[in-house]
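K.L.:
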Amino acid sequence: MNKLKPAGNELRNFQPIFIEDATYGFPEKFIKQFNLVSMLIVPIYVPEEGKMIGGILLDKGPGRKFERDRSLYPALMKFGQSAGELLLRFTNPENSVTQNDLNRKLSFSPCEVDIIKLLAAGASTTEAAVQLYLSEYTVRDYISIIMRRLDAKNRTEVAVKVIRMGIID
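Using the numbering used here, read the sequence shown as starting at 11 and increasing by one per residue.
1) Does the stretch 56–64 come close enough to the stretch 35–48 to have 3 or more Cβ pairs within less than 8 Å?
2) In terms of alpha-carbon separation, which member of Q43, N45, Q25, R74 lies closest to I66?
3) Going straight from the alpha carbon of N164 to that of L98, what length do you get?
4) When you compare the CB positions of L129 and I153, do they come within less than 8 Å of one another, or not?
5) With a threshold of 16 other CB atoms inside 10 Å of the CB of F40, please say whether the residue is buried or exposed.
6) Go ahead and label L10 buried or exposed: buried means 16 or more other beta carbons lie within 10 angstroms of its beta carbon, across all protein chains shown.
7) Taking its Cβ as the centre, do 16 or more other Cβ atoms sit within 10 Å of T166, making it buried, or is it exposed?
8) Any idea what DSSP makes of K163, helix, strand or coil?
9) Whole angstroms are fine: how far does the CA of D179 sit from the CA of I51?
10) Where DSSP assigns a beta bridge to L67, which residues make up the other side?
11) Could you compute how far the alpha carbon of K127 sits from the alpha carbon of R158?
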């Protein structure tokens, strides 16, 4: 990207960058491998954050030249923005509804953690109830809730998942 410094304003403004001669700014290895003549770089960005998170390199195919068509720029900019907003969900967990839902789904109460630890140690429902001063029915209900939240089919799967997630050692 250092060779693309003259295009810096376009990058800062998230505008597509037309490169008439692909030999300017791109490694010779790729010029030869893909028979590049000209390129269009579409920034992937997130306007709310004011930052670019990537870019898409477009060419017309081996040995074919791109013609500059500024009428396409608004659509390409919208594409870059949409791609950026979508990618931000996967690269920035606190902005992800899915990640927040998962965190809420997998936050366990101290009592649930105690039951999980006993399950992982091989305790039966009765043994867990005695140790925690709860009824067997209450422990059974807790186990059902934990299994549902972890999407586990059995107690063993609960133990494996919570150990992998670092909830217990």
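Every residue, glycine too, gets a C-beta built ideally from N, C-alpha and C.
P.N.:
The answer reads as follows:
1) Cβ pair count under 8 Å is below three, so no.
2) Translated into the one-based positions of the sequence shown, residue 66 becomes position 56. Here the closest residue by C-alpha is Q25.
3) Locating residue 164 in the sequence shown gives position 154, counting from the first residue. Locating residue 98 in the sequence shown gives position 88, counting from the first residue. N164 and L98 have their C-alpha atoms roughly 35 Å apart.
4) For this step, residue 129 is matched to residue 119 along the sequence shown. For this step, residue 153 is matched to residue 143 along the sequence shown. Yes.
5) As a first step, residue 40 is located in the sequence shown; it is residue number 30 there, counting from the start. Label assigned to F40: exposed.
6) Residue 10 lies beyond the stretch modelled for the chain, which goes from 11 to 179, so this question has no answer here.
7) Numbered from its first residue, the sequence shown carries residue 166 at position 156. Burial call: exposed.
8) Locating residue 163 in the sequence shown gives position 153, where the first residue counts as 1. In the structure shown, K163 sits in coil (DSSP, three-state: anything other than H, G, I, E or B).
9) Stepping through the sequence shown from its first residue, residue 51 is reached at position 41. Stepping through the sequence shown from its first residue, residue 179 is reached at position 169. Using only the alpha carbons, I get a separation of about 48 Å.
10) One-based indexing of the sequence shown puts residue 67 at position 57. Listed as beta-bridge partners of L67 by DSSP are I51.
11) Translated into the one-based positions of the sequence shown, residue 127 becomes position 117. Translated into the one-based positions of the sequence shown, residue 158 becomes position 148. Taking the straight line joining both Cα atoms gives about 17 Å.
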